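Note that the protein sequences, when read in sequence, are chains A and B.
Take the first sequence: its letters are residues 129 to 500, numbered as in my numbering.
Take the second sequence: its letters are residues 15 to 624, numbered as in my numbering.
Taking it in order: structure first as structure tokens, then the write-up.
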Amino acid sequence: MATQSKPKKSDRDAVTLSKIEKLARGIFGEVSKGKNPAVDIRTRTLSNVSFNEKRKIIELGDRAQSREFFNASMARKFMQTLLVATGCKTLIDEGKTISIRQMYYMSKHTLKGSTENTFEDQDESDPIIEDLEVGIDALREELHLFANRRGSAVGRLVIEDSGDRIDLSRMGRGGWSIPSICEPEVLKFAECRAEFVLFVEKDAIFSRLNEDAFWKKHNCILMTSLGQATRGARRLLQRMSNELKIPVYVLVDNDPWGLYIYSVLKQGSINLAYESMRMALPSVRFLGMSALDYNKFALTPAVKINLMKEDIARAEQMKAYPWFKDKKWQAEIDALLENGFKMEVDGFLTKSISFITEEYIPKKLRDRDYLQ
Amino acid sequence: MSKKAETESTPLALDPPKRRATAESMAARQREISVSEFFTKNRHLLGFDNPAKALLTTVKEAVDNSLDACEEAGILPDLLVEIREVAPAPGKPSNEGEKPDRAPGPGGASRFRVIVEDNGPGVVKPQIPKIFAKLLYGSKFHRLKQSRGQQGIGISAAGLYGQLTTGKPVVITSKTGKGRPAFQIHLRIDTKRNQPDVVQDETVDWDKDHGTRVEIELLAAYRGGRTGVQEYLEQTVVANPHLALTYVSPKGERLEFPRVSGELPREAHEIKPHPHGVELGMLHMMLQDSEGKTVKQVLVDDFSRVSPAVATQVCELAKVNPRTPAERVHGEELERLHKALGEVKVMAPPATAVVPIGEELLIEGLKRRFSRADFYMSTTRPPAVYRGNPFVVEVGLAYGGELPPEEPAEIMRFANRVPLQYQPKSCAISESVYQTNWRGYELQQPKGGLPIAPMVIVVHLASVWVPFTSEAKEAVAHYDELLREMKLAIQECGRKLAAHLRARAHAQREQMRRSLFEKYIPEVARSLSEILRIPKETTEKPFYKALPTFVRVADDEPVKEGNGKADGAAAPAQETKARLEPKTRKKKPVKAAKGRSGGGKKGGEQLTLL
Chain A
129 MATQSKPKKS DRDAVTLSKI EKLARGIFGE VSKGKNPAVD IRTRTLSNVS FNEKRKIIEL
189 GDRAQSREFF NASMARKFMQ TLLVATGCKT LIDEGKTISI RQMYYMSKHT LKGSTENTFE
249 DQDESDPIIE DLEVGIDALR EELHLFANRR GSAVGRLVIE DSGDRIDLSR MGRGGWSIPS
309 ICEPEVLKFA ECRAEFVLFV EKDAIFSRLN EDAFWKKHNC ILMTSLGQAT RGARRLLQRM
369 SNELKIPVYV LVDNDPWGLY IYSVLKQGSI NLAYESMRMA LPSVRFLGMS ALDYNKFALT
429 PAVKINLMKE DIARAEQMKA YPWFKDKKWQ AEIDALLENG FKMEVDGFLT KSISFITEEY
489 IPKKLRDRDY LQ
Chain B
15 MSKKAETEST PLALDPPKRR ATAESMAARQ REISVSEFFT KNRHLLGFDN PAKALLTTVK
75 EAVDNSLDAC EEAGILPDLL VEIREVAPAP GKPSNEGEKP DRAPGPGGAS RFRVIVEDNG
135 PGVVKPQIPK IFAKLLYGSK FHRLKQSRGQ QGIGISAAGL YGQLTTGKPV VITSKTGKGR
195 PAFQIHLRID TKRNQPDVVQ DETVDWDKDH GTRVEIELLA AYRGGRTGVQ EYLEQTVVAN
255 PHLALTYVSP KGERLEFPRV SGELPREAHE IKPHPHGVEL GMLHMMLQDS EGKTVKQVLV
315 DDFSRVSPAV ATQVCELAKV NPRTPAERVH GEELERLHKA LGEVKVMAPP ATAVVPIGEE
375 LLIEGLKRRF SRADFYMSTT RPPAVYRGNP FVVEVGLAYG GELPPEEPAE IMRFANRVPL
435 QYQPKSCAIS ESVYQTNWRG YELQQPKGGL PIAPMVIVVH LASVWVPFTS EAKEAVAHYD
495 ELLREMKLAI QECGRKLAAH LRARAHAQRE QMRRSLFEKY IPEVARSLSE ILRIPKETTE
555 KPFYKALPTF VRVADDEPVK EGNGKADGAA APAQETKARL EPKTRKKKPV KAAKGRSGGG
615 KKGGEQLTLL
């Protein structure tokens, strides 16, 4: 490896490398003293996250699990953590970035003298990558890893991605594909004429609005991430809000899952609580769909979908979240429960094909009818 | 027992029935029944109900007698047991393995010759006929002393059975010492008079210094399995580690069981009856035979643990004048005396009357029979008393190895070192095994059943008087005191077993942990070597060095602790370890491991995972 020509390394890479080396040195030092070597990994469970009232984000607590090698139930994961660390070191050394699935294959091999593999499937390696992120306090992109990208954006924005200048108003029907790494090092905002961002849950709504040229008429950026927003999409939204100083609106289905998508965008998730600082967007605005829209827009029973038992339980659970304690939010969730039904944004097509583009969103924006 | 079977039944008549016989005519038919005659008709009572059982009983009676004689004389027993199938031609024994040339008798029976030869003290010539050809003649019935035979019926009954089924006399050869003649006597039993009948009497050459050889020809069936002769002999070997036995089967196979203990069982002391165990008839007899003594004198002299003070107390309780001549105590007075004897507080009978096999020797015996088990353990309870009879219960277990793993455990029952092979269902010993909760000892046990485990359970009851359910001595009666002691002994042994099993499971777990770590060390070491850019050998070494600190390997496992006084089982426990871990493994330092596992070693209880 020493003979290989080394690609340029950024300062950030140097810092990450030193973190990986520190981990390895610590382990080697402990075991050399006859001690049980361990990696401290902060636990990513509900019990170890808290809502920071001041910052309005979910933060990871300090409780950590000591992952020891000489512990029958931890040895395998300990080994896997080191394999991933070694893989990341190689990536940094070689200046390459791969997907987490590729990391699974890169670290997978059969153990000597057995039929056991270092990783049996990706479900095993993905959490290990997150463990390493919190274990050495490095971000995923710092480890030269990315998740599969998912999501598109169009609108009044010009960006620079790895030196390429891209005008998001000239992306045709498909839109610009949001990369999984949206850090300022690789992605810069060159020119912005947008007044706000509209983030929609579903690709079908994105297409509807795009075809109707909603963003042209309203001077905005239109985004989707197909369901739960990816890290890339969340990071991008946060940067747009912070750097472009424009508000971000969210349009999701009127059901607990939609509320949860909004909640994650706003405060962060339990699993990625350690990333909240970089991803959460407490100022994000909930445009819809609200349970109250049924009456406001005189929708017909055709849009109703009965709430399932799990929906009710989930809604009750969310009512208890500290960040939904605000009266307006309690009223919103109560309205959903009282309705006893949920609605999809697509339900507006009971009115007309472009009702959503021409009536619903403009009226909501006009009335400043959103929750925050 | 009156004899009026010959009279014919008459139809119902209105007239008063006609007298059929007078007292005088009946008296002519009334006569003494000889015991021999009685047993001829009731041979099932003595264990001769069928040809297979007859063979077993014959061997058993002869072997029991030989062992008792050897032990009483202080001789380490050397026994030869041989069973030959015999051709039908009278007096012409067949060669080994030769098929008889006649059809088998009833019930698949054919003719066998049983030969049992010992190196015992021999029998003086005048006694030979009485001992071997007179029923109810012997030395053991009249005393309270632990011995195998109790009634003196056995061997002569076997001879009688042989005589009845083959017409052949019993042949006894005996020699009482070096340089003395060996007598060979052919005996018949005169069944009418219960008297021996010497058919032939000669002096023969015998290379033995002393001993007795019994040969009985009988109609029998040779069977294998739980109730067979071979099983009996193999079990006898378990309970008698001091016995050297050679067995020649009807097929000519020769099985040798060399002695595993050069130590004779301690001689059992003869004891006088204990007041709590004496029966009314026995008490009456003792008083009658008192030769002019007073009641008090009889109580003090002829009973165990009765002091003059206790005797006075008994007499007061019974309202009997202590100075009454003993012969004159009858009727109600006798009954009151008997009752008082049962109620008075007296010391338990002396335990020296009972001789257990002993924990170590029981294990030796088990090992001789089941040499390939994983471990052996045993428990000998302290002496206890039922109805005035001292007794000791012992339990031995052989576990694992080549014993069948998925089958119910095997029970071996012994009374005074004699295997009990019939009637397991009605025996208190089996009951005690069934009633034990083996699940508490890490074993599977179906409800109300035997534990499912590769295990043999030996239960030995030693007592001056074993309460059998019948004269065939097949099953031990259910006395609460006996059952209780048996269960306690089983429990004690079970705890030792559980300690072993836990220790073994622990060792296996540790072995698994060890190989787990060994599997991952190369991966971790390679990772460290790549990250830190140092050779893999360097990063690997400290892991292997630290490994023993975190894995407690089997060879420093303490098994004894947490098990109290498991001295009997301690020695085999260590052997077990050696067998469990046959690969030579370097001794690992224990110090660090102890520290890590958080505190003291608890032997088998030590389950801490790191």
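Don't be surprised by glycine CBs; every beta carbon is placed ideally from N, CA and C.
Computed from a predicted model, the values in this text were never measured in an experiment.
Self-check item: Arg-319/B vs His-344/B beta-carbon contact at 8 Å
Solution: No; because the gap between Cβ atoms is not below 8 Å, this pair is not in contact.
Quiz item: Val-262/A touches chain B at which residues, Cβ-Cβ below 8 Å?
Solution: Those within 8 Å of Val-262/A in chain B number zero; the least Cβ separation is about 18 Å.
Exercise. Look up Ile-548/B in the DSSP assignment and say whether it is helix, strand or coil.
Key: coil
Quiz item: Can you tell me whether DSSP reads Ile-257/A as helix, strand or coil?
Solution: It is helical.
Exercise. Note down, in chain order, each residue of its chain lying with its Cβ closer than 8 Å to the Cβ of Leu-561/B, except the 5 sequence neighbours on either side.
Key: Arg-528, Phe-531, Glu-532, Ile-535
Exercise. Assuming Met-471/A contacts Asp-381/A (C-beta within less than 8 Å), just tell me the rounded distance between them.
Key: The beta-carbon separation of Met-471/A and Asp-381/A, rounded to 7 Å, stays under the 8 Å limit for a contact.
Exercise. Assign Glu-270/B to one of two classes, buried (16 or more other C-beta atoms within 10 Å of its C-beta) or exposed (fewer than that).
Key: Label assigned to Glu-270/B: exposed.
Quiz item: Would you call the CB atoms of Glu-313/A and Gly-355/A closer than 8 Å?
Solution: With a cutoff of 8 Å on beta-carbon distance, Glu-313/A and Gly-355/A are scored as not near each other.
Quiz item: With a cut-off of 8 Å, do at least 3 Cβ pairs link the region 473 to 484 of chain B to the region 440 to 453 of chain B?
Solution: yes
Quiz item: Short check: CB of Leu-464/A to CB of Ala-443/A, under 8 Å?
Solution: yes
Exercise. Establish whether the CB of Lys-217/A and some CB of chain B are separated by less than 8 Å.
Key: By this cut-off, Lys-217/A is an interface position.
Practice problem: Please work out which residues of its chain come closer than 7 Å, Cβ to Cβ, to Thr-394/B, disregarding the five sequence neighbours upstream and downstream, and give them in chain order. | Solution: Pro-370, Gly-372, Glu-373, Val-406, Glu-408
Quiz item: In terms of DSSP beta bridges, what is Ala-35/B paired with?
Solution: In DSSP, Ala-35/B forms no bridge with anything.
Quiz item: Under a three-way DSSP split, which group does Gln-214/B fall into?
Solution: Residue state, collapsed to three classes: strand.
Quiz item: Is the region 222 to 229 of chain A touching the region 174 to 187 of chain A, taking contact as three or more C-beta pairs under 8 Å?
Solution: no
Quiz item: Taking Cβ to Cβ, would you say Val-73/B is nearer than 8 Å to Val-243/B?
Solution: Taking 8 Å as the Cβ cut-off, Val-73/B and Val-243/B qualify as a contacting pair.
Self-check item: Cβ-Cβ separation, Phe-156/A to Leu-546/B (assumed contact under 8 Å), whole Å
Solution: 6 Å
Quiz item: Under a CB-based cut-off of 8 Å, is Ser-446/B close to chain A?
Solution: Not one chain A Cβ lies under 8 Å of Ser-446/B.
Quiz item: DSSP three-state call for Ile-309/A: helix, strand or coil?
Solution: coil
Quiz item: Counting Cβ pairs, one atom from each stretch, are 3 or more of them under 8 Å apart for the region 199 to 206 of chain B and the region 92 to 99 of chain B?
Solution: no
Quiz item: Quick one: complete alpha helix (DSSP H) runs, 4+ long, within the region 315 to 393 of chain A?
Solution: 331 to 339, 342 to 346, 359 to 367
Quiz item: How about Glu-149/A: is its C-beta nearer than 8 Å to some C-beta of chain B?
Solution: The beta carbon of Glu-149/A falls within 8 Å of a beta carbon belonging to chain B, placing the residue at that interface.
Practice problem: Kindly list the residues whose CB is nearer than 7 Å to the CB of Tyr-232/A, restricted to its own chain and excluding five residues on each side of it in sequence; keep chain order. | Solution: Phe-247, Gln-250, Ser-253
Exercise. Measure the C-alpha to C-alpha separation of Leu-259/B and Val-274/B and round it to an integer number of angstroms.
Key: Near 11 Å, if we compare the C-alpha coordinates of Val-274/B and Leu-259/B.
Quiz item: How many angstroms separate the CA atom of Met-351/A from the CA atom of Asn-338/A?
Solution: 10 Å
Self-check item: Inside the region 199 to 274 of chain B only - alpha helix (DSSP H) runs reaching at least 4 residues
Solution: 243 to 253
Exercise. Can you say whether Gly-303/A is buried or exposed, counting buried as having 16 or more other CB atoms within 10 angstroms of its CB?
Key: buried
Self-check item: Partners in chain B for Arg-153/A, counting only beta-carbon separations shorter than 7 Å
Solution: Leu-546
Practice problem: Just tell me which of Ser-188/B, Gln-141/B, Lys-381/B has its CA closest to the CA of Glu-417/B. | Solution: Looking at the sequence shown, residue 417/B is not Glu but Leu. The shortest C-alpha separation from Leu-417/B is found at Lys-381/B.
Quiz item: Counting pairs of beta carbons, one from the region 491 to 502 of chain B and one from the region 515 to 524 of chain B, are three or more of them closer than 8 Å?
Solution: no
Quiz item: Considering Met-405/A, what are the terminal residues of the alpha helix (DSSP H) in which it resides?
Solution: 404 to 407
Quiz item: So with Cβ pairs under 8 Å, would you call Phe-206/A a contact of chain B?
Solution: yes
Quiz item: Near Leu-364/A, which residues of its chain fall below 7 Å by C-beta distance, leaving aside the five closest residues on each side in sequence?
Solution: Close CB contacts of Leu-364/A within its chain, under the 7 Å cut and outside five residues either way in sequence, are with Ile-306, Cys-310 (chain order).
Exercise. Could you name the residues of the region 555 to 566 of chain B whose beta carbon sits closer than 9 Å to any beta carbon of chain A, in the order they occur along the chain?
Key: Lys-555, Pro-556, Phe-557, Lys-559, Ala-560, Leu-561, Thr-563, Phe-564, Val-565
Practice problem: Specify the secondary structure class of Gly-410/B as computed by DSSP and reduced to three states. | Solution: strand
Quiz prompt | Backbone CA spacing between Pro-255/A and Asn-199/A [nearest angstrom] | solution = 19 Å
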